[in-house]
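Since the structure comes first, as structure tokens, the remarks are kept for the end.
There are 4 protein chains.
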Amino acid sequence: MPAAAPTADTSAPFSLPVRVYWEDTDAGGIVYYANYLKLFERARTEWLRTLGFSQQRLLDGERVMFVVTDATLRCIAPARLDDRLDLTVRVSRAGGASLEFAQQAQRDGTLLAAAEIRVGCVQRGDDTLRASRIPAAILRALV
Amino acid sequence: MPAAAPTADTSAPFSLPVRVYWEDTDAGGIVYYANYLKLFERARTEWLRTLGFSQQRLLDGERVMFVVTDATLRCIAPARLDDRLDLTVRVSRAGGASLEFAQQAQRDGTLLAAAEIRVGCVQRGDDTLRASRIPAAILRALV
Amino acid sequence: MPAAAPTADTSAPFSLPVRVYWEDTDAGGIVYYANYLKLFERARTEWLRTLGFSQQRLLDGERVMFVVTDATLRCIAPARLDDRLDLTVRVSRAGGASLEFAQQAQRDGTLLAAAEIRVGCVQRGDDTLRASRIPAAILRALV
Amino acid sequence: MPAAAPTADTSAPFSLPVRVYWEDTDAGGIVYYANYLKLFERARTEWLRTLGFSQQRLLDGERVMFVVTDATLRCIAPARLDDRLDLTVRVSRAGGASLEFAQQAQRDGTLLAAAEIRVGCVQRGDDTLRASRIPAAILRALV
Numbered sequence: 001m002p003a004a005a006p007t008a009d010t011s012a013p014f015s016l017p018v019r020v021y022w023e024d025t026d027a028g029g030i031v032y033y034a035n036y037l038k039l040f041e042r043a044r045t046e047w048l049r050t051l052g053f054s055q056q057r058l059l060d061g062e063r064v065m066f067v068v069t070d071a072t073l074r075c076i077a078p079a080r081l082d083d084r085l086d087l088t089v090r091v092s093r094a095g096g097a098s099l100e101f102a103q104q105a106q107r108d109g110t111l112l113a114a115a116e117i118r119v120g121c122v123q124r125g126d127d128t129l130r131a132s133r134i135p136a137a138i139l140r141a142l143v
Numbered sequence: 001m002p003a004a005a006p007t008a009d010t011s012a013p014f015s016l017p018v019r020v021y022w023e024d025t026d027a028g029g030i031v032y033y034a035n036y037l038k039l040f041e042r043a044r045t046e047w048l049r050t051l052g053f054s055q056q057r058l059l060d061g062e063r064v065m066f067v068v069t070d071a072t073l074r075c076i077a078p079a080r081l082d083d084r085l086d087l088t089v090r091v092s093r094a095g096g097a098s099l100e101f102a103q104q105a106q107r108d109g110t111l112l113a114a115a116e117i118r119v120g121c122v123q124r125g126d127d128t129l130r131a132s133r134i135p136a137a138i139l140r141a142l143v
Numbered sequence: 001m002p003a004a005a006p007t008a009d010t011s012a013p014f015s016l017p018v019r020v021y022w023e024d025t026d027a028g029g030i031v032y033y034a035n036y037l038k039l040f041e042r043a044r045t046e047w048l049r050t051l052g053f054s055q056q057r058l059l060d061g062e063r064v065m066f067v068v069t070d071a072t073l074r075c076i077a078p079a080r081l082d083d084r085l086d087l088t089v090r091v092s093r094a095g096g097a098s099l100e101f102a103q104q105a106q107r108d109g110t111l112l113a114a115a116e117i118r119v120g121c122v123q124r125g126d127d128t129l130r131a132s133r134i135p136a137a138i139l140r141a142l143v
Numbered sequence: 001m002p003a004a005a006p007t008a009d010t011s012a013p014f015s016l017p018v019r020v021y022w023e024d025t026d027a028g029g030i031v032y033y034a035n036y037l038k039l040f041e042r043a044r045t046e047w048l049r050t051l052g053f054s055q056q057r058l059l060d061g062e063r064v065m066f067v068v069t070d071a072t073l074r075c076i077a078p079a080r081l082d083d084r085l086d087l088t089v090r091v092s093r094a095g096g097a098s099l100e101f102a103q104q105a106q107r108d109g110t111l112l113a114a115a116e117i118r119v120g121c122v123q124r125g126d127d128t129l130r131a132s133r134i135p136a137a138i139l140r141a142l143v
């Protein structure tokens, strides 16, 4: 599993600054690893908002939502309470029904965690979470 | 990323039953994916306890703790409020300073999510989280 | 606010044992206070289940759900990783559209946290969360 | 418990804007009530930062930390995914070893949730969480 170590992504088109709060930490004194997935999602959500899309409106209007189908997380160095993290978002692949993202958490340019996230577009209320086409307006905004 | 679909692991030596509560779900009406990492960790903790080890005692006594360094999560089918999940734990590799686990979340034998988790052993209070040898008693208990 | 200190409730009709995991703790080395609300809810959910009710079925069938409208939490002594907590549930008031609970978290009979929780019954999908009558079968089961 | 309904606090000296993400919601489609305690804490932390104090530095330097001893939460109207909330912080009482806060979550001036939070100052590593004097510099900054 430990392949070549990733390096800080300096060409990322979008970055969200966040602060580490008590809620993000655990008794080890560091950010609890599962919480990186929450932090990375905040960044994707804000990235989507900069493109003009709100997920609640996608739910209510287009009746679609994005669900994470695959996530790979690598924790490289610990983050602590009060740290300021920069969370980057880069689209690594855009398909008709799914998107893949490469994301990083950096502190002052030092890479602390990296993730690859694959999200699929599904119909709201479809219990099987069957793949659905990503709204064309979103795909157009990506290019 | 979507390789061969995993199948339900029926030979797993340890399984923890858990229930899905409101806290585990999100506005999509299903278990929030990041929370699977929490659920899977509960199972590893209880598995470790069946071997006779408490992580708080490891922290206080041996001054070591396990930290997750790599996690890969695949969400296959949604879990909902009140579902009963069985969380399996299988050690896929045991090194001197790290362990790798293959875990699954099943509902009535149907595979809903799978994860591979790599944990490293580190000294408590070591800000660099440098690898430390896993206590011999634990390694002995694994064989 | 610091009124008379509550004492461990020894007559509680329902108690759920839970274990403290990493996810429940924070960098202070203790259970993060907000997480007590999650733990207490697990106990209410299991108490409701012993009465024969599943909240997912209430959502799908009766189209109602319970939402917490008021919560008061008192943290008395810290809980730590690997602690085993007993979470008690006592109905302190049952109205036509709301229920009030007194709950405690104990460790070996020592009171660590106490809460009073008021939940209201609301129609699913009603954006205003207007009060709705509690299904009669539930009220009957309470007496 | 349902006393006079609180009204939106328009004179609050500090307000933090936050966005509602998937992680904050539950299967009811609204912000999960326990998560308001997390959101309110983010606001207190940022308020403390505007006074010049970092909690990690308090932990490392003064060896003290603030722990929540009492929390009262009232949920008035639901917040949803993508809502922008303004979280206010008002110190309602400053003692030698504890602080009390009145906080609100508003959306476009509408009050959605309110909380009263009491935090105590304790020595780091003191398992009994015995009250400790709040560092004088903080008390001075409050007046």
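Residue numbers (our numbering), protein chains in the order written: chain A, 1 to 143; chain B, 1 to 143; chain C, 1 to 143; chain D, 1 to 143.
We put the CB at the ideal spot given by N, CA and C, even for glycine.
Bear in mind the structure is a predicted one, so any value in this text is a computation, not a measurement.
Can you round the beta-carbon distance between residue 80 of chain B and residue 119 of chain B to whole angstroms, since I take them to be within the 8 Å contact cut?
With a Cβ gap of about 29 Å, residue 80 of chain B and residue 119 of chain B do not count as contacting.
In its own chain, which residues sit with a C-beta less than 7 Å from the C-beta of residue 40 of chain C, not counting the 5 before and 5 after it?
87, 103, 115, 117
How many Å lie between residue 92 of chain C and residue 141 of chain C at the Cα?
Across the structure, residue 92 of chain C and residue 141 of chain C are spaced so that their CA atoms are roughly 15 Å apart.
Take the Cβ of residue 74 of chain C as the centre, count every other Cβ of all protein chains shown within 10 Å, and call the residue buried at 16 or more, exposed below.
Buried, because 16 or more other Cβ atoms sit within 10 Å of the Cβ of residue 74 of chain C.
Residue 37 of chain A by DSSP, collapsed to three states: which one?
helix
Which of the three DSSP states, helix, strand or coil, is assigned to residue 117 of chain D?
strand
Return the Cβ separation of residue 85 of chain D and residue 18 of chain D in integer angstroms, given the expectation that the two are a contact with Cβ distance under 8 Å.
5 Å
Under a Cβ-count criterion, where at least 16 other Cβ atoms within 10 Å of its own Cβ denotes burial, should residue 97 of chain A be classed as buried or exposed?
exposed
If you check the beta carbons only, do residue 99 of chain D and residue 53 of chain D fall under 9 Å apart?
Between residue 99 of chain D and residue 53 of chain D, the C-beta spacing is not below 9 Å.
State the start and end residues of the unbroken beta strand (DSSP E) segment that holds residue 139 of chain C.
Run containing residue 139 of chain C: none in the beta strand (DSSP E); it sits in the alpha helix (DSSP H), 136-142.
Would residue 140 of chain B count as contacting chain A if we go by Cβ distances under 9 Å?
no
What residues in the stretch 18-36 of chain B have a beta carbon less than 8 Å from any beta carbon of chain D?
Answer set for the stretch 18-36 of chain B: 22, 23, 25, 26, 27, 28, 29, 30, 32, 34.
Go ahead and pull the three-state DSSP assignment for residue 42 of chain C.
helix
Are the C-beta of residue 81 of chain C and some C-beta of chain A separated by less than 9 Å?
yes
For a cutoff of 9 Å on Cβ pairs, would you count residue 59 of chain A as touching chain B?
Residue 59 of chain A counts as touching chain B.
So is residue 135 of chain B in contact with chain A if we call contact Cβ pairs under 9 Å?
no
Between the stretch 62-73 of chain C and chain D, which residues of the former have a C-beta closer than 8 Å to a C-beta of the latter?
65, 67, 68, 69, 70, 71, 72, 73
Helix, strand or coil for residue 51 of chain B per DSSP?
coil
Pop quiz: residue 37 of chain D and residue 33 of chain C are said to be a contact at Cβ under 8 Å. What is the actual Cβ separation, rounded to whole angstroms?
About 7 Å separates the Cβ atoms of residue 37 of chain D and residue 33 of chain C, confirming a contact at the 8 Å cut-off.
Tell me whether residue 74 of chain D sits in a helix, a strand or coil according to DSSP, three-state version.
strand
Using a Cβ-Cβ cut-off of 9 Å, state whether residue 128 of chain B counts as contacting chain A.
yes
Can you give me the C-alpha to C-alpha distance between residue 121 of chain C and residue 127 of chain A, rounded to a whole angstrom?
25 Å
Helix, strand or coil for residue 99 of chain D? Go by DSSP, reduced to three states.
strand
Let me know if residue 143 of chain C comes out buried or exposed under the rule of 16 or more other beta-carbons within 10 Å of its beta-carbon.
exposed
Rank C:129, C:95, C:7 by C-alpha distance to the C-alpha of residue 136 of chain C and give the top, closest one.
C:95
Would you say residue 90 of chain A faces chain B, with C-beta separation under 9 Å as the test?
no
Taking the continuous beta strand (DSSP E) assigned at residue 20 of chain A, which residues delimit it?
No beta strand (DSSP E) holds residue 20 of chain A; DSSP gives it neither H nor E.
Please say whether residue 89 of chain D and residue 124 of chain D have beta carbons closer to each other than 9 Å?
no
Return the residue from the list B:68, B:71, B:56 that minimises the CA-CA distance to residue 82 of chain C.
B:56
Counting only the same chain and skipping the five closest in sequence on each side, list residues whose C-beta sits under 8 Å from that of residue 26 of chain B.
32
Shorter than 9 Å from the beta carbon of residue 125 of chain A to some beta carbon of chain B?
For residue 125 of chain A, the answer is yes, since a Cβ of chain B falls inside 9 Å of its Cβ.
So, with DSSP's three-state summary, where would you put residue 123 of chain B?
strand
Considering only residues of the same chain and omitting the five flanking positions on each side of residue 69 of chain C, which have a CB-CB separation below 8 Å?
98, 118, 119, 120
Examine chain E for any beta-carbon lying closer than 9 Å to the beta-carbon of residue 77 of chain D, and answer yes or no.
Any reference to chain E falls outside this structure, whose protein chains are A, B, C and D.
Sorted by chain position, which residues of the same chain lie with C-beta nearer than 7 Å to residue 30 of chain B's C-beta, five sequence neighbours on each side aside?
78, 79, 80
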